[in-house]
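Residue numbers for the sequence shown follow this note's numbering, so the first one is 9 and each next one is one higher. We put the CB at the ideal spot given by N, CA and C, even for glycine. Note sheet for the following structure.
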Amino acid sequence: MKIKNLMLNTKIIMQRLIGLYESLILDRPWLTLGLLFILTASIGYFSKDFRLDASGDTLVLENDSALRYYRSISARYGSEDYLIITYTPKKGLFSKTILADLAKLSQQLKTIKRVHSVTTILDVPLINSPPVTLSELSKNIRTLQSPDTIPGMARKELITSPFYSNLIISPDGRTTALQIKLHRDETWHHLFNRRNSLRVLRMENTLAPEQKKELARVTKEFDEYSDGLLEQERKDIQKIRHIMDSHRDRAQMFLGGVPMIVADSMDFVRSDLKLFGLAVLVLLISFLYIAFRKLHWVYLPILTCGAAGLSMLGILGLLGWRVTVVSSNFISLLLIITMSLTVHLIVRYRELHADQPDSDQRILVGQTIRSKFLPSFYTAITTMVAFGSLIFSDIRPVIDFGWMMVIGISVAFFFTFTLFPASLVLIKAGQPGKLHDITGTVTRYIANLIEHRKLCVLFGALILATVSVIGISKLTVENSFINYFKSSTEIHQGMKLIDQKLGGTTPLEVIIDAPASFFQEMEEEKKAHMEEEIYGYPEQAQSGIAGSSFWFNSYMLEDVDKIHNYLDSLPETGKVLSISTAMRMLQSLKGGKNLDDFFLSVLFRRLPDEVKQSLFTPYMSEDGNQLRFSVRVIDSDPKLKRAELIQKIRNHLIVNMGFQPEQVHLTGMLVLYNDMLQSLFSSQIKTLGVVFLAILAMFIVLFRSFKMAVL
9 MKIKNLMLNT
19 KIIMQRLIGL
29 YESLILDRPW
39 LTLGLLFILT
49 ASIGYFSKDF
59 RLDASGDTLV
69 LENDSALRYY
79 RSISARYGSE
89 DYLIITYTPK
99 KGLFSKTILA
109 DLAKLSQQLK
119 TIKRVHSVTT
129 ILDVPLINSP
139 PVTLSELSKN
149 IRTLQSPDTI
159 PGMARKELIT
169 SPFYSNLIIS
179 PDGRTTALQI
189 KLHRDETWHH
199 LFNRRNSLRV
209 LRMENTLAPE
219 QKKELARVTK
229 EFDEYSDGLL
239 EQERKDIQKI
249 RHIMDSHRDR
259 AQMFLGGVPM
269 IVADSMDFVR
279 SDLKLFGLAV
289 LVLLISFLYI
299 AFRKLHWVYL
309 PILTCGAAGL
319 SMLGILGLLG
329 WRVTVVSSNF
339 ISLLLIITMS
349 LTVHLIVRYR
359 ELHADQPDSD
369 QRILVGQTIR
379 SKFLPSFYTA
389 ITTMVAFGSL
399 IFSDIRPVID
409 FGWMMVIGIS
419 VAFFFTFTLF
429 PASLVLIKAG
439 QPGKLHDITG
449 TVTRYIANLI
459 EHRKLCVLFG
469 ALILATVSVI
479 GISKLTVENS
489 FINYFKSSTE
499 IHQGMKLIDQ
509 KLGGTTPLEV
519 IIDAPASFFQ
529 EMEEEKKAHM
539 EEEIYGYPEQ
549 AQSGIAGSSF
559 WFNSYMLEDV
569 DKIHNYLDSL
579 PETGKVLSIS
589 TAMRMLQSLK
599 GGKNLDDFFL
609 SVLFRRLPDE
619 VKQSLFTPYM
629 SEDGNQLRFS
639 VRVIDSDPKL
649 KRAELIQKIR
659 NHLIVNMGFQ
669 PEQVHLTGML
679 VLYNDMLQSL
689 FSSQIKTLGV
699 VFLAILAMFI
709 VLFRSFKMAV
719 L
């Protein structure tokens, strides 16, 4: 009895709502259209604030602890923005003509205001062309352009150097790279660091009310400043490409680097928004005209789609949500969903008009809305649930895309049942069009097949399910970053060339700390005022950093060399840099003999700052108690398994080399990108589960039968 009363009350409420809807929308169409115009114009005004985002934040997890560690390592060892130009001359790389062209190219690049320095094979330090002593090196740094440099020896040193080969010159000596370092923008880094520190506090639920306000303010300032900086970088990249164009008659060149990838990705996203939006619009217009053969069945749906699209752009601008590579096709999806809803109404209206050719337009539109509101509502809700499940992801662009589509579908539903019927009711019904029941033919065929071929249908479904299960079991989350871009793009071509000839593209950093016991011993000896006996070296006072450092001594450098050789031996890795690289270069200063602790300390003290900044600072902490191995991975390798590579390296260092787990850390973009891919895989499982449960619940409400809902 209670259920019947509830259903009766629900029916009465629905009838009243429908009556209110018809009196507002259908009986006052001009007022409705006027209000919708004001609403659309007001919201659409904020579309001027619509922004794109192709920064590195779109490729990493929002709350990833590995991201925080990576940023701390970057802060310690330095992280500079730079661009790379690969240069493959048509003549010999070391010919006078080409070296002169390289020098001219370098000088032209330095004229750009934001360029801090340009590093080429012309100005890197040489120590074996001819060989120099430590005292000579401390007084004068020889380069390829130095008058006393022997060109043949310089060529051999650059190609065979453990530091330069596969870094700024290919092993075959045919391709070189120019590194363009950009000036560090202190304002950007200050805002970036402050925003991230406040985000960490928010994640830890320790953000004070005043800090919440500060986070909102800093985030806004950072976004606005980043927009200006990105625009400036885009202009700088255009200038660099213009300079490169004047040298392409002598060499094949590609531009690479994070700033260029960001700038080009922004252009790609803009292009995709325009291209896909326009393509979908043309297809929709063509489909509508071919299907319905009347002009008003073309412009009414397009008008509805346009209002929904403009309003959604305004909402995104108002909320400050940025479109990324992940969500760049949301406009196309929104247009398609809006169109599907309006087509349902058009088809139903034409059916009613064919059955009631003499009915008033107001009656036909009212009957159309009554018969299609609930089916369309359930369609919209289930689609919203599907996209809404994306909010369970840990990837911010994916979360934002989910919310964008939830709001977008709501906007599409709103305009479909306001703008479309209010416009349609103003048009004369005219003569009913000829119906072509294609869907009816298809559904009758399927129904007949199910009725007379039950076993075949069930067997086919079983085969399909089996194939699906097998396919799901073979799914992987590996995807090379290079494959995001067409082979015709400069990003793809440049990355592939760097992978093949200049040591790989994707950075991986292996960080190894000194053991905790070492620091405990140092602390105890400090308390006992026994500095000269730190870590068991009585001559520490005379041995300098070799006595106070855990790693920078003749004994531990053997282990460093083993780690370096292991990383270099992996088929997935390209160029590996560490203090082992520096030791191999500088060993010639002692005639190729092993370096003892005394010589190491003297060497470290007497090396010019320029050499020290290049060979030591990026790969060892100031106190010598932390190592950093800079590894570049071949991203274009089809056999690359990132998660397996990370685990393999970690296991080797812990199991085979005996380091404690807390000593070993792997970081860098390879790790962050892998974390994102793994999270994406787990998110898909979670979102599928949420979607099926939500749809099951809605089907139970709709059909009032658990059995029917499950089927």
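| query | result |
| --- | --- |
| 4-residue-minimum alpha helix (DSSP H) runs that sit fully inside the stretch 336–407, ordered along the chain | 338–363, 369–396 |
| 6 Å Cβ shell around Asp61 - same chain, five flanking residues per side excluded | Arg330, Thr332 |
| Alpha-carbon to alpha-carbon, Gly396 and Ser205 | 29 Å |
| CA nearest to the CA of Ile657, picked from Val679, Leu145, Asp643 | Val679 |
| Span of the alpha helix (DSSP H) around Gln439 | It is not in any alpha helix (DSSP H) - Gln439 carries neither H nor E in the DSSP assignment. |
| Beta bridge counterpart(s) of Arg258 as assigned by DSSP | Bridge partners of Arg258: none, in fact. |
| CA-to-CA distance, His304 to Thr346, given in whole angstroms | 16 Å |
| DSSP-derived helix/strand/coil call for Asn148 | coil |
| Where Ala83 falls, given that 16 or more other Cβ within 10 Å makes a residue buried | exposed |
| Given Ile344 as reference, the closest of Leu324, Val140, Val290 once Cα atoms are compared | Val290 |
| Extent of the continuous alpha helix (DSSP H) to which Ser205 belongs | 194–211 |
| Integer-rounded CB distance, given that His572 should sit under 8 Å from Ser562 | That pair is no contact at about 16 Å. |
| Residues of its chain near Ile478, where Cβ-Cβ distance is below 7 Å and the 5 sequence neighbours each way are ignored | none |
| Residue range of the unbroken beta strand (DSSP E) whose run includes Lys189 | 184–190 |
| Cutoff 7 Å; reference Lys247; Cβ partners in own chain excluding five residues on either side | Ile120 |
| Separation of Phe612 from Gln550, as counted between CA atoms | Residue placement at Gln550 is poorly supported in this model, since its pLDDT is 45, which falls under 50; the coordinates are not used for a value here. |
| Candidates Leu25, Ser31, Trp38, Glu30, of which the one nearest Ile435 by Cα | Trp38 |
| Leu674, enclosing beta strand (DSSP E) - first and last residue | 672–675 |
| Close Cβ partners of Val406 (< 8 Å) along its chain, the five nearest in sequence each way excluded | Val334, Leu398, Leu688, Ser691 |
| Three-state class that DSSP yields for Met665 in the structure shown | coil |
| N- and C-terminal bounds of the beta strand (DSSP E) containing Glu517 | 514–521 |
| Length of the line joining the Cα atoms of Leu696 and Val465 | 25 Å |
| Reference Leu483; option with closest CA among Leu685, Glu239, Asp231, Met716 | Leu685 |
| CA-to-CA distance, Tyr453 to Phe300, given in whole angstroms | 24 Å |
| Contained beta strand (DSSP E) runs [length at least 3] in the stretch 601–671, N- to C-terminal order | 634–641 |
| Inter-residue spacing [alpha-carbon to alpha-carbon] between Leu178 and Arg163 | Inspection of the sequence shows that residue 178 is occupied by Ser rather than by Leu. Taking the straight line from one Cα to the other gives about 12 Å. |
| Proximity to Asp643 [Cα-Cα], best of Leu608, Gly582, Thr675, Phe558 | Gly582 |
| Environment of Thr141 [buried if 16+ CB atoms lie within 10 Å] | exposed |
| Arg636 versus Leu615, Leu516, Glu212, residue with shortest Cα-Cα distance | Leu516 |
| C-alpha distance - Gln115 paired with Arg249, whole-angstrom precision | 14 Å |
| Nearest-angstrom Cα separation, counted from Ile339 out to Gly285 | 6 Å |
| For Ile92, three-class secondary structure by DSSP | strand |
| Rounded separation between Leu238 and Ala271 - CA only | 7 Å |
| Exposure of Gln634, with buried meaning 16 or more beta-carbon neighbours within 10 Å | buried |
| Cβ neighbours of Gln375 in the same chain (closer than 7 Å, five flanking residues each side left out) | Leu360 |
| Three-way DSSP call (helix, strand, coil) for Ser55 in this model | helix |
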